[in-house]
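Residue numbers for the sequence shown follow this note's numbering, beginning at 469 and rising by one.
Backbone N, C-alpha and C define an ideal beta-carbon position, used for all residues, glycine too.
Scroll down for the structure; my scribbles are underneath it.
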Amino acid sequence: MSAAIELIDVTKRYKDFAIENFNLKVPQGYITGFVGPNGAGKSTVIRLIMDVVKPNSGEIRLFGRPNRHADLRREIGFVYDDLYMYRDFTIKKLRSLMAPLYPNWDDNLYQKYLGKFGLPIVPLWVRYPRAMTGICTLVIFGLAVSVSQFAFSRRDLVS
469 MSAAIELIDV TKRYKDFAIE NFNLKVPQGY ITGFVGPNGA GKSTVIRLIM
519 DVVKPNSGEI RLFGRPNRHA DLRREIGFVY DDLYMYRDFT IKKLRSLMAP
569 LYPNWDDNLY QKYLGKFGLP IVPLWVRYPR AMTGICTLVI FGLAVSVSQF
619 AFSRRDLVS
């Protein structure tokens, strides 16, 4: 079984910062977190995985294939720390917005997770923090890889 995410000797250089010869292997089915101070390179690694920025050298693979393949990118979901939802945004509207973008969308799975997470059809901002709503959204999409970027300060990581 290939790794879900693999970075092999990846280097990314900026003017005042560099990640040098970075290696990472995340097996399928694992949850992996990056923890470190501001400026350590956590966001850069995520952007490299998502193919938002290109490495200066090295190789990035998803399920054994280069991360540049468009069909692989359809299997990856990403939630930013500053995910914005307009005032009337509901989980129902989320479905109508996102389902057409994902060829593997499964309405049965969508309904299952709505119930499992207890997500109502009320506007999402009313009851749920943006990060939690984003994580639930990734699960509902049924994607092969889910990547989230948000600070965990003031959050209970045990619960």
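Under DSSP, Glu527 forms a beta bridge with Ile476. DSSP places Ile499 in the coil class of the three-state scheme, outside both helix and strand.
Here the stretch 522-537 makes no contact with the stretch 500-508; the two share fewer than three CB pairs at distances below 8 Å. Sorting Lys522, Gln496, Leu577, Tyr482 by C-alpha distance to the C-alpha of Ala508 places Tyr482 at the top.
Counting only the Cα atoms, Lys561 lies some 40 Å from Asn524. The alpha-carbon of Gly586 is positioned some 15 Å away from that of Asn576. Sequence-distant partners of Asp477 (beyond 5 residues in either direction) whose C-beta falls short of 8 Å from its own C-beta, in its chain, are Asn489, Phe490, Asn491, Ser525, Gly526, Glu527.
Around the Cβ of Val520, a 10 Å sphere holds fewer than 16 other Cβ atoms; the residue is exposed. Counting only the Cα atoms, Val513 lies some 11 Å from Ile473.
The beta carbon of Tyr498 sits closer than 8 Å to the beta carbons of Ala472 from its chain, once the five residues preceding and following it are set aside; these are given in chain order. Per DSSP, the beta bridge partners of Lys493 are Glu474. The residue among Met518, Lys584, Ala538 with its C-alpha nearest the C-alpha of Pro571 is Ala538.
When secondary structure is reduced to three states using DSSP, Arg536 falls in the coil class, being assigned neither helix nor strand.
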